[in-house]
Structures are given as structure tokens and as C-alpha cells.
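S.K.:
2 protein chains.
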Amino acid sequence: MNPLAIPEIVIRRLPLYLRTLKLLQDQGQSVTSSQEIGDKLGISATQIRKDLSYFGEFGKQGTGYDVRYLQEQLQQILQVDSTWNLALIGAGDLGRAILRYSSFEEGGFSIVAVLDRDRDKIGRRIGKLQVLDIAKLPEVIKEHRIQIAIIAVPTNDAQEVADALVNVGVKAILSYAPIPLSLPAHIRVQHIDPLVGLQSMTYYLDPSQR
Amino acid sequence: MNPLAIPEIVIRRLPLYLRTLKLLQDQGQSVTSSQEIGDKLGISATQIRKDLSYFGEFGKQGTGYDVRYLQEQLQQILQVDSTWNLALIGAGDLGRAILRYSSFEEGGFSIVAVLDRDRDKIGRRIGKLQVLDIAKLPEVIKEHRIQIAIIAVPTNDAQEVADALVNVGVKAILSYAPIPLSLPAHIRVQHIDPLVGLQSMTYYLDPSQR
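These protein sequence lines are chains E and R, in that order. Under this note's numbering, the final residue of the first sequence carries the number 231; numbering is consecutive throughout. Under this note's numbering, the final residue of the second sequence carries the number 231; numbering is consecutive throughout.
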């Protein structure tokens with residue numbers, strides 16, 4: 022099937038299934054069901070079965086899914102069964118926090134370079150990486166065959182950085198800046214937005230208590 | 022309608038619609054359509070109309086939605102038409118980056134307290150706030166009528182902090198820790214997880230180039 026024939030919203034749910042399967046595996050569980058995955062995510066079992074059916078048959082009626090097998094299948098579908106090199110732009114508070122985030126490797130990613138334009142930050146060591154001058158972006162992207170970058174710069178610099186990334190061939194951007202980025206249609210962009218998480222919880226709270 | 026009768030997955034899409042409407046409004050657009058919102062989010066127009074129909078009629082066939090009106094309606098539905106006080110736990114790199122995030126206020130939130138257990142951080146000033154001793158959590162939560170907290174502590178401390186928050190009456194938690202939290206069923210939890218964003222883009226990339 023043409024990969025683009027599958028609705029993007031389906032693709033965006035697969036990482037949630039993958040995270041849930043990993044959680045179940047960490048808890049020592051070897052078999053699960055669409056009902057159980059759905060309960061953990063607030064998604065209906067029907068939706069999950071429908072999403073998975075785009076890609077094949079992963080379980081048997083009545084016996085459920087093998088946790089490890091379904092995890093491997095989803096990793097293959099999402100192409101995270103081997104590692105993508107990432108560049109991180111921005112070595113401030115946020116950049117340092119991202120570098121300390123421990124789950125990239127197991128998720129299929131490795132931050133291989135961190136770049137900044139601030140003279141005070143360039144040359145400093147953060148964990149295993151030394152902060153590089155943003156002027157070195159073209160070489161770094163080429164050397165490490167980087168297609169994905171994370172933007173963790175001040176809001177006002179985010180668009181300029183995104184443009185520079187696209188110019189050197191980056192195809193996908195994860196942005197922590199709280200603004201929409203204006204980019205060519207073929208570039209993939211995802212935003213980390215705490216408001217989306219917060220606003221989907223307030224619906225359930227009692228506003229008279231605030 | 023009973024608020025719990027609406028599927029959670031519908032509620033979780035509303036903040037995305039709200040963000041898109043805000044973007045359109047910032048661009049000076051006064052009317053939009055489910056098609057346009059859908060195109061920006063990778064969600065079908067039918068899905069958007071179906072989601073909104075749970076809450077009423079917000080547009081007229083053929084004339085689309087008034088951007089400002091629909092925004093106000095969604096803010097009311099999500100109960101972010103006035104402000105929720107938040108507590109932030111963790112005043113490290115990540116906590117400082119979160120405090121600098123500029124969109125909380127316009128999204129319906131105000132971080133009114135930041136707490137940490139680290140003696141070196143307590144008493145320091147970050148922006149307008151002074152870092153408080155985590156031991157003061159019960160008083161802080163009570164004084165500011167806080168129902169929502171953000172966890173930005175090291176992974177190994179996240180569960181303990183979450184338990185402490187629940188004990189003092191917090192009802193909703195946004196966690197940046199890359200681990201699932203084990204909490205009572207009535208507590209709302211959302212995770213900020215960069216892997217979900219990254220893994221939903223790799224599907225579209227060319228793995229032979231990495």
C-alpha cells in the first residue's frame with residue numbers, strides 16, 4: 022500500500038500504541054488486547070483494531086496480541102527498528118534538559134550533535150557532546166546523514182533556524198518553540214506543546230474550585 | 022450531556038483545533054472551514070465536524086465557522102476561558118525552560134509557584150517567582166487553589182513527586198518524565214513525550230538515507 026494512503030492521524034496514534042506496549046512489556050506482560058491498550062490511552066478498542074488493520078493481521082480473534090511481536094511490527098512500520106541520527110539546535114536550559122532525556126535511544130534516535138550560535142555556549146561540553154557553532158550546520162548534517170532535527174531555541178529564532186535546517190536538507194523537525202513554523206509542504210513538523218496536554222485535562226476539572 | 026459521555030479522544034483533539042484557530046486569527050483570518058482546519062492538522066473534515074457536533078452547532082452549511090466565535094466556544098468547553106493556577110515541581114534546566122515558555126497565559130494557565138527539594142535551588146529567583154521548598158507543597162496548593170501541576174524533576178523522583186501531589190489534592194498532572202506514572206484512576210495525567218512526535222515523522226522518511 023502507498024504509505025501516503027494511510028491517514029496521518031492513524032500514523033500519529035502508532036507511537037502511542039508502541040509506548041503502551043513497551044510499558045506492558047516492562048511490567049512483564051506478554052499478551053494484550055485492543056481493549057487493554059485502548060483503556061490505557063482513552064481510545065476505543067475498535068479504533069485500535071481499525072488502525073492496525075491498515076498494516077496487516079497482528080493478533081488472533083480471542084487470543085489477543087503478543088506484546089513483543091506487535092511492538093517489533095510497529096517499530097518496523099514506523100521505521101524506528103534501527104537508529105536515526107538527530108541534531109539538536111539550542112544548548113540553553115531546554116537543550117540541556119532534552120540531552121538528558123533518557124529514552125531517545127530505545128525509541129530509535131540518537132542525538133549526535135548539538136549546535137548553538139551563542140559564543141558562550143559553543144565549545145562547552147554537555148554530557149558526551151561538545152556544543153558546535155551553528156555555522157557548522159551544513160557539515161554536521163552531511164557527516165551524520167541527519168534528516169531530523171530538534172529545535173530548542175528562543176521563540177524569536179525558531180523560524181530562522183527552521184529555514185536553515187530545511188536549506189541543508191533536513192526533512193523533519195520537532196519544535197519546542199510555542200509558535201507555528203512556516204515551511205515547505207514536504208517538510209514534516211511536530212510541535213511539543215504543553216498547552217495541548219493541559220487543555221485536554223481542564224475539561225474534566227471543577228472550575229468552581231479554582 | 023454528561024461530560025464523561027464524550028470520548029476522551031474527542032476532548033484531546035479540541036486543544037489542537039483551538040491552537041489552529043488561534044493561528045488563523047493571528048494571521049487575520051475571520052472565517053474558516055472544517056476542511057481548512059483538517060488540512061492543517063492531518064485530520065479529516067468529517068472527523069472535525071463529528072467532534073464539534075457533540076457540543077452543538079458552530080457553523081452554517083456553506084458559510085463555515087467564525088474563527089473568533091468557535092475559539093471562544095472551545096475555550097468555554099475546555100474551561101480555559103478563565104485562568105487555572107499551576108504549580109511547577111522542579112527548578113532545574115527543564116523547569117527554567119518551562120517557566121520561560123510564553124504561551125501559558127493565553128492558553129488559560131498561570132504558573133504561580135515553583136518548588137524544588139534541592140537546597141541549592143530553594144530561594145533562587147526565576148523570572149517573577151522564587152523557588153520554594155517542596156516541603157511547603159501543602160500550603161502552596163491550598164493557598165493558590167491549585168488543581169494542576171507540572172512535573173519537571175529527574176526521572177527517578179517523578180513517581181514520588183506525583184504521589185505527593187495527589188496527597189495534597191492535585192487532580193491533574195502534566196509530566197515531562199519519560200516514565201509512566203502509577204496513580205489513582207480519578208487523577209488526570211498527560212505526558213510530554215518527544216518520542217511520540219519523532220516516531221510519527223520517521224514513517225515518512227527514507228530509511229536508506231540514514
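Where is the CB? At the ideal position from N, CA and C, for every residue including glycine. It should be emphasised that the depicted structure is a prediction, and the values quoted were computed from it without experimental measurement.
Hey, is Glu-29(E) close to the ligand FAD, as in C-beta under 7 Å from one of its heavy atoms?
M.R.: Of the ligands one can find in the structure shown there are none, so the ligand FAD has no counterpart to examine.
S.K.: Kindly list the residues whose CB is nearer than 6 Å to the CB of Ile-69(E), restricted to its own chain and excluding five residues on each side of it in sequence; keep chain order.
M.R.: Hits under 6 Å: Ser-55, Ile-58, Gly-59.
S.K.: So, helix, strand or coil for Phe-125(R), using DSSP?
M.R.: The answer is helix: DSSP assigns Phe-125(R) an H, G or I state.
S.K.: For a contact defined as C-beta to C-beta under 7 Å, what are the partners of Lys-218(E) on chain R?
M.R.: Inspection of the sequence shows that residue 218(E) is occupied by Gly rather than by Lys. In chain order: Leu-195, Gln-211, Ile-213.
S.K.: What in chain C is Cβ-close to Gly-83(R), meaning under 9 Å?
M.R.: Note that chain C does not occur in the displayed structure, where the protein chains are E and R.
S.K.: Under 9 Å between beta-carbons, which chain E residues line up against Leu-45(R)? List them in chain order, please.
M.R.: Chain E residues near Leu-45(R): none, gap ~10 Å exceeds 9 Å.
S.K.: Find the residues of chain R that neighbour Gly-148(E), judging by a C-beta separation of less than 7 Å, and give them in chain order.
M.R.: Those do not exist, as Gly-148(E) stays about 12 Å from chain R at its closest Cβ, beyond 7 Å.
S.K.: Around the Cβ of Gln-96(R), are there at least 16 other Cβ atoms within 10 angstroms (buried) or fewer (exposed)?
M.R.: Its Cβ being crowded by 16 or more others within 10 Å, Gln-96(R) is buried.
S.K.: Just checking: is the beta-carbon of Arg-138(E) within a distance shorter than 8 Å of some beta-carbon in chain R?
M.R.: With 8 Å as the cut-off, Arg-138(E) does not count as an interface residue toward chain R.
S.K.: My understanding is that Leu-195(R) touches Gly-128(E), with C-beta atoms under 8 Å, so please give their C-beta distance in whole angstroms.
M.R.: The Cβ separation is near 20 Å, so there is no contact.
S.K.: Given this structure, state the Cα-to-Cα distance separating Glu-93(E) from Ile-162(R), to the nearest angstrom.
M.R.: Distance between the alpha carbons of Glu-93(E) and Ile-162(R) is about 43 Å.
S.K.: Evaluate the contact criterion for the stretch 206-225 of chain R versus the stretch 180-189 of chain E: three or more CB pairs, one atom per stretch, below 8 Å.
M.R.: No, they do not touch.
S.K.: Starting from Phe-79(E), find everything on chain R with Cβ-Cβ shorter than 7 Å and list it in chain order.
M.R.: Within chain R, no residue comes near Phe-79(E); the closest Cβ sits about 17 Å away, beyond 7 Å.
S.K.: Cα-Cα, which of Val-217(E), His-212(E), Leu-216(E) is closest to Arg-215(R)?
M.R.: Here the sequence assigns Pro to residue 215(R), which means Arg is not the residue at that position. The shortest C-alpha separation from Pro-215(R) is found at His-212(E).
S.K.: In the structure shown, what three-state DSSP assignment does Ser-131(R) receive?
M.R.: Three-state DSSP puts Ser-131(R) in a strand.
S.K.: Classify Thr-223(R) as buried or exposed, calling it buried when 16 or more other Cβ atoms lie within 10 Å of its own Cβ.
M.R.: When all chains shown are included, Thr-223(R) counts as buried.
S.K.: Which stretch, first to last residue, makes up the beta strand (DSSP E) that contains Gly-85(R)?
M.R.: Element bounds for Gly-85(R): 85-87.
S.K.: So is Thr-84(E) buried or exposed if we call it buried at 16+ other beta carbons inside 10 Å?
M.R.: Exposed, by the Cβ-count rule.
S.K.: Can you tell me whether Lys-142(R) is buried or exposed? The criterion is at least 16 other CB atoms within 10 Å of its CB, across all chains shown.
M.R.: When all chains shown are included, Lys-142(R) counts as buried.
S.K.: Restricting to Cα atoms, I'd like to know which of Tyr-90(R), Ile-171(R), Asp-114(R) is closest to Val-133(R).
M.R.: Checked all of Tyr-90(R), Ile-171(R), Asp-114(R); the closest Cα to Val-133(R) is Ile-171(R).
S.K.: How would you label Ala-198(R), buried or exposed, when you count the other beta carbons within 10 angstroms and need 16 or more for buried?
M.R.: Buried, by the Cβ-count rule.
S.K.: Using the Cα positions of Glu-164(E) and Leu-109(E), report the straight-line distance between them to the nearest angstrom.
M.R.: Approximately 15 Å, taken between the alpha carbons.
S.K.: Let me make sure I understand the geometry here. Which of Gln-100(E), Leu-136(E), Lys-157(E), Gln-48(E) has the alpha-carbon closest to that of Phe-130(E)?
M.R.: The shortest C-alpha separation from Phe-130(E) is found at Gln-100(E).
S.K.: Using a beta-carbon distance below 8 Å, is Gly-128(R) in contact with chain E?
M.R.: Chain E, which has a Cβ nearer than 8 Å to the Cβ of Gly-128(R), makes this yes.
S.K.: By the 10 Å Cβ neighbour count, where 16 or more other Cβ atoms means buried, how is Arg-117(R) classified, buried or exposed?
M.R.: The residue in question, Arg-117(R), is buried, as its Cβ has 16 or more Cβ neighbours within 10 Å.
S.K.: Helix, strand or coil for Gly-144(E)? Go by DSSP, reduced to three states.
M.R.: Gly-144(E) falls in the coil class under three-state DSSP.
S.K.: From Asp-154(E) to Asp-139(R), what distance separates their C-alpha atoms?
M.R.: One C-alpha to the other measures close to 33 Å.
S.K.: Kindly list, in the order they appear in chain E, the residues whose Cβ is closer than 8 Å to that of Thr-223(R).
M.R.: The answer, in chain order, is Leu-99, Gln-100, Val-101, Trp-105, Gly-129, Ile-169, Ala-193.
S.K.: Using 8 Å as the threshold, is the C-beta distance between Ser-221(E) and Pro-36(R) below it?
M.R.: For Ser-221(E) and Pro-36(R), yes; Cβs fall inside 8 Å.
S.K.: For Asp-232(E), name the three-state secondary structure that DSSP assigns.
M.R.: Since the first residue shown for chain E is 22 and the last is 231, residue 232(E) is missing from the structure and cannot be characterised.
S.K.: Would you check if the distance between the CB atom of Thr-176(E) and the CB atom of Ile-147(E) is smaller than 8 Å?
M.R.: Against a cut-off of 8 Å, the Cβ pair of Ile-147(E) and Thr-176(E) comes out as no contact.
S.K.: At what residues does the beta strand (DSSP E) containing Ser-196(E) begin and finish?
M.R.: That run of the beta strand (DSSP E) goes 193-196.
S.K.: Just checking: is the beta-carbon of Pro-201(R) within a distance shorter than 8 Å of some beta-carbon in chain E?
M.R.: At least one chain E Cβ lies under 8 Å of Pro-201(R).
S.K.: Just to confirm before moving on: does the CB-CB distance between Ile-169(E) and Val-191(E) stay below 8 Å?
M.R.: In this structure, Val-191(E) lies closer than 8 Å to Ile-169(E) by Cβ.
S.K.: Counting C-beta neighbours from all protein chains within 10 Å, is the total for Thr-53(E) 16 or more, i.e. buried, or is it exposed?
M.R.: When all chains shown are included, Thr-53(E) counts as buried.
S.K.: Would you mind working out which of Glu-29(E), Val-135(E), Leu-91(E), Ala-156(E) sits nearest Lys-149(E), comparing C-alpha positions?
M.R.: Out of Glu-29(E), Val-135(E), Leu-91(E), Ala-156(E), Val-135(E) has the C-alpha closest to the C-alpha of Lys-149(E).
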